[in-house]
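Written below as structure tokens is the structure these notes are about.
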Amino acid sequence: MKKVYRLQSRTAEKRQHFGIRRLKVGVASIAISASVFLAGNVLAQAEEANSVENTSIETVQPTSPTSEQSDKVEVTNHQAVVSEKSENQGQATNSLSATPSVANSSRTASTEGSSSEKLDLTQARSIRENTPASTTDSSTEVQSTEKETAQAAEEKTATKPIEKVVSAATEAKEDKIEEGSIRLHFKILPSENLASLGLWTWDDVETLSSQKGSWPTGATSFSMAKKDDYGYYLDVKMAQKRSKISLLINNTAGTNLTGDKTIELLSPNMNEVWFDKDYNPHTYDPLKEGMVRINYYRTDGNYDKKSLWLWGDVGNPSKNWPDGVDFEKTGKYGRYVDVPLKDAAKAIGFLLLDESKSGDDVKIQPQDYNLTNLKKNSQIFLRDVDPNIYTNPYFVNDIRMTGAQHVSLTEIEATFSTLENAKKEDILKNLKITDKDSKEVVVKDIVLDPKTKKAKIIGDFGQAQAPYKVKYGNDQFKTSMNWQLKDILYKYDGELGARVSQKGTKVDVTFWSPSADQVDLVVYDKNDQNKVVGKVAMTKGEAGTWKTTLTSQTNLGIKDYRGYFYHYEITRGDKKVLALDPYAKSLAAWNSEDAEKGESYKIAKAAFVDPSELGPKNLTYANIPGFKSREDAVIYEAHVRDFTSDAAISKDLKSQFGTFSAFVEKLDYLKELGVTHIQLLPVLSYYFVNELKNAERLDKYASSNSNYNWGYDPQNYFSLTGMYSTNPTDLAKRIEEFKNLVHEIHKRGMGVIMDVVYNHTAKTSIFEDLEPNYYHFMDADGTPRTSFGGGRLGTTHYMSRRVLVDSIKYLTSEYKVDGFRFDMMGDHDAESIQKAYEEAKKLNPNLVMLGEGWKTYAGDENKPVQPADQSWMKSTDTVGVFSDDIRNTLKSGYPNEGAPAFITGGKRNVEDVFKNIKAQPTNFEADDPGDVIQYIAAHDNLTLFDVIAQSIKKDPAIAANNQEIHRRLRLGNLMVLTSQGTPFLHSGQEYGRTKQFRDPAYKYPVSEDKVPNKSHLLTNADGTPFEYPYFIHDSYDSSDAVNHFDWTKATNGDKFPENTKSRDYVKGLIALRKSTDAFTRKTKAEVDQNVTLITQPGKDGVEKEDTVLGYQVVASNGDIYAVFVNADNKERKFNFGEAYKHLANAQVVADGNTAGVTAISNPAGVALGADGVTLAPLTATILRIQKNSKPNPEKPKEEQNQTKPSTPKGESGQTTTSSTQSNTSASQTQQQQAGAGKADKTLPSTGTTISIAGVLAGIGLLLSSVVVLKKKK
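Numbering (the numbering used here), first residue to last: 29 to 1301.
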């Protein structure tokens, strides 16, 4: 999908630019399996690492002892800091409890008959997610100190003494950790080749990895790592203001080997973290399994006669009261006791004792300590008489308030680290709220929700008295206005943006930002976008809007505003930001490389333009022959630049390559192919690109640092990118040229689908600068949620939803497009997508909408809604989703791309394959065939040709292998194009497009540090590498050499007969699909009634899991079609039986070489008999019985109006016409003749050498067949 993707470093610049979505369930890249040459072990480890989620502390398993571990049970001065961490970084997870679950409590164990009162202080687990221990900003005041103990002598915290101990410990054996640095310890690394590994860091580090260099080279090399008893470690310098650090380990190929990891900095003194073998972070050196260490810190330093009384699942329970286990061992946090556990231990109980005292006074803390999460914490921490058990050495408490938001006029929502086992009266007792004048506000009620960790505080909270100050214990926050309250107070339905009228002499501007103190319109010169002409103050209007009207009377000296540029300058307090109008209709030429130059360069400048004046005056919506509903569509996905960046056609192009205008020149190819809709990869403005260099060819092989982009890092949702304009500096040209492209597509009877990316932006600041803490989905504490480096557009918020819906309406109305494909649609709520569909369909009744329905919805934390994902398909018949099930079943995909699948030799459940053919996937419920987009290739991951080569492990450089790959490719294309639902093709899928890295320097495998970014290394079955073994699986940052559509392969049958044969095969299949409604049934009921399985598992040699499939479909006019697929490497016979004996009289309209609407007299690889049909290996056929037609017409070969392998004229992209289709190459003719006879019983030779005996035998069989047919007649 993207320039921003898989390696989400949040704020990492180039990583936003060059990552590709790892959450994109279904389109993600997979590491090569152990067979990959010279890199198997490394990539296998990477795959294992990538499968590890950064789970919460409740699910983290303790590090198992291995031969590598040198952990000792006894702590020495050089051992590391303490307390397991993951998402719930270092919270206290247990408190005193009187729970009876722990056997032999202190009450029963005591021989003194102690009857001390039990307090209900049951452990409340730590579930704080990605929230700093303390945060400070302009709107938040935080004071987070620990609860003081009852005794004044012990009120001090342990922070200062611990700092001294840590310093002494680190100096004892390891290098000293510099002030302001954090040491990251790793138990294992993904590879032994340290030079190939890098540490990529972001968030609160002194220097972001993205500032050190582009992805992946900006990472700190592990060649600089040092080693200690635990493993390797690196030191990272932290920012002065810090609350968390995020990191991952990558390699020089650009693979994220560990997944993203975040470390919450619980204390200013926290300077070490340990990562276990699964890369889960801990604040201490994890102990071996079966042991828990109980650390005890006393501020008075007196440990004399201090001991532990133990019971429960401990190896040695205490017996003689009060003779406990003494705290004899000294560690970093005072004294400790290592407690062996029983096998499968679940809980232990203990007391802190002072054996110098007697009676009840022997108990330092009278209440029982109970610890139940033994598998999640190998060390715990106690101090003085504090009743809490802590899971971190910084004594961060369990129930802490982490934020407060003003959500309505009667409600404040407070978030907590946990509310498990919390009591309403206890919260109320410690809660205090004051208004902006410091007057206390009465709390009428409070509702606790432990599941969401939120407390709803009910009272009178008018906006006039805001912000409110909420205090709980030692935690204090000022309320921020929640998006919900902004929706109540400030939702706006009027026009937004700049509207140019009266030939540019008048501009009405409206901008929404309720939190702004002042907004000014900064106007830039039309001939120099960096020259400020002047500023115009905007006036605050209703519902949080700011408005102004520009005329010739405005003090700017401008009469016609068209062509000038502008920013909004927004003032909040003493801070000013320049922002891009989210409703801008065009932009100045953009170069992201200039973003660091200053405030006015960091974001594009909007342009004053009237789009209605531009482009063809007769532009209207498409009129597509035969298109009545979404099932009738055949969608073809293409990238504007790729389609004309082939240097071979440069002399034939009149326009600059890679532009909208050049695309027009090649449209006839797509018209002849027969597709109904062209889906363009994103053409709206995206961030990481230099538009001013769009005319520079990228002919050298590269897979990183290219001035190329797929466009999945959006900057604006109304403006086109200048990257595909013949003149990016002309803000009107891109509009004119895109409208003309749409017009020319429509003239050829095809529609236009725009690929749109509302799920995230390139940078969070794009919308945060407009109105902080509003436009994005929010975490529980009110901070924006991010995705692929940018913010997740919060479409459940009123004004955010307006951006999406208004954008869709504008693009439909202004550009007359015919549909939209939503990137990561599952990130959106279904209501917003449905609303957009309904509004756009009012404008274009033939609208098509589809999207990636992967189940990735995050939304606002703890506010679930119905996402627009695959689960929605059972409730809607308006929008379709991609089926990863058919993709993975037919050719493999996430998470096992490259594994053998149905068309690549892997047996699959026959009934499941058939369900997918019916548009009824096994992994989600589709109640309508149009809900399902049937596809096996898209822009993400390896091309279909390349993944087949990977799966069967055969180098396409060998002619026989190339032909086999094409035979399998044709099987896949046939199955997609004869499926119910909506078929989808990736550009070049029809001819066998490849993204092989054919740089001479990479003809053979290279060292790991030189491996091309985003590449797979492919090998033959014997483990030897392919010639040119690297194939790019995600080419979003690759050069034209990798990405170009190869027009010679697509059209030159003399040079590339297999490619053109495959192309014509697709052309014929599309023609066949469009000739009948058999494959485009409109309801599930119709499909169930008219599509039936012939190859029943367990009958006629068909196994439950097999590589064959046969099914029949019936059209509404009674025509019958039967599809048989043999993906086996040997000949297979399909028996008709009584139910399908009528097929013996069918016409063959598709065989191993050709497909179309006209019957084939001499089908290749197909032997049709009275009781069944026999297919050669890797061969499919389509049989047809037309209502009231004569079966099996005998036609001379020259009379067949059939789509056959052809030899187009020249290399300039001229497509083959019907008059030239008989000009097949000699090798193709020989294959057809050989296939006309009896099918081969094994995978046939695909070379060009033909034996005389074989030819004579074939002729004999052909003559025999003719005699038989004549006798039948």
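Heads up, the beta-carbon is just placed ideally off N, CA and C, and yes, glycines get one too.
Residue i: CB within 6 Å of a non-hydrogen atom of the ligand GDP
| i | result |
| --- | --- |
| residue 419 | This structure does not include the ligand GDP; it has no bound ligands of any sort. |
Rounded straight-line distance, which links the Cα of residue j to that of residue i
| i | j | result |
| --- | --- | --- |
| residue 168 | residue 821 | Note that residue 168 scores a pLDDT of 37, beneath 50, so its modelled location is shaky; the value from the coordinates is reported in the next line. Distance between the alpha carbons of residue 168 and residue 821: 24 Å. |
| residue 1186 | residue 862 | 41 Å |
| residue 149 | residue 397 | Confidence is the limiting factor: at residue 149 the pLDDT is only 26, short of 50, which leaves the residue's position unreliable, though a coordinate-based value still follows. One C-alpha to the other measures close to 9 Å. |
| residue 417 | residue 812 | 32 Å |
| residue 703 | residue 662 | 5 Å |
| residue 129 | residue 395 | Note that residue 129 has pLDDT 35, beneath the 50 cutoff, so the model's placement of it is unreliable and no number is given. |
| residue 552 | residue 625 | 17 Å |
| residue 1123 | residue 956 | 24 Å |
| residue 791 | residue 1182 | 49 Å |
| residue 609 | residue 636 | 11 Å |
| residue 579 | residue 536 | 9 Å |
| residue 735 | residue 914 | 34 Å |
| residue 959 | residue 1005 | 16 Å |
| residue 619 | residue 265 | 31 Å |
| residue 860 | residue 430 | 30 Å |
| residue 401 | residue 369 | 13 Å |
| residue 1191 | residue 979 | 28 Å |
| residue 596 | residue 674 | 41 Å |
| residue 940 | residue 731 | 37 Å |
| residue 896 | residue 853 | 6 Å |
Delimiting residues of the alpha helix (DSSP H) encompassing residue i
| i | result |
| --- | --- |
| residue 274 | Note, residue 274: premise wrong, no alpha helix (DSSP H); beta strand (DSSP E) at 272-279. |
| residue 915 | 912-919 |
| residue 762 | 761-775 |
Endpoints, the beta strand (DSSP E) within which residue i is located
| i | result |
| --- | --- |
| residue 877 | 876-879 |
| residue 209 | 209-214 |
| residue 340 | 334-340 |
| residue 782 | 779-784 |
| residue 441 | 439-444 |
Beta-carbon gap between residue i and residue j smaller than 7 Å
| i | j | result |
| --- | --- | --- |
| residue 276 | residue 230 | no |
| residue 888 | residue 779 | no |
| residue 987 | residue 901 | no |
| residue 260 | residue 217 | yes |
| residue 982 | residue 1115 | no |
| residue 355 | residue 365 | yes |
| residue 226 | residue 249 | yes |
| residue 594 | residue 549 | yes |
| residue 1209 | residue 1179 | yes |
| residue 1105 | residue 1214 | no |
Member of the options whose CA lies at the smallest distance from the CA of residue i
| i | options | result |
| --- | --- | --- |
| residue 616 | 856, 532 and 744 | 744 |
| residue 573 | 1146, 739, 540 and 1060 | 540 |
| residue 752 | 346, 737 and 741 | 737 |
| residue 440 | 508, 883 and 1053 | 508 |
| residue 767 | 785, 644 and 859 | 644 |
| residue 1010 | 550, 444, 594 and 1108 | 1108 |
| residue 1055 | 1061, 1047 and 1062 | 1047 |
| residue 359 | 408, 386 and 403 | 408 |
| residue 829 | 856, 843, 918 and 1132 | 856 |
| residue 462 | 280, 490, 386 and 891 | 490 |
| residue 905 | 494, 666 and 858 | 858 |
| residue 520 | 564, 569 and 234 | 569 |
| residue 298 | 287, 328, 205 and 337 | 205 |
CB-CB length for residue i against residue j, believed under 8 Å
| i | j | result |
| --- | --- | --- |
| residue 413 | residue 433 | At roughly 36 Å, the Cβ-Cβ gap does not stay under 8 Å, so residue 413 and residue 433 are not in contact. |
| residue 1149 | residue 1097 | Going by Cβ atoms, the distance from residue 1149 to residue 1097 rounds to 12 Å, so no, they are not a contact pair. |
Min CB distance residue i to chain B below 7 Å
| i | result |
| --- | --- |
| residue 1180 | The question asks about chain B, but that chain is absent: this structure has only one protein chain. |
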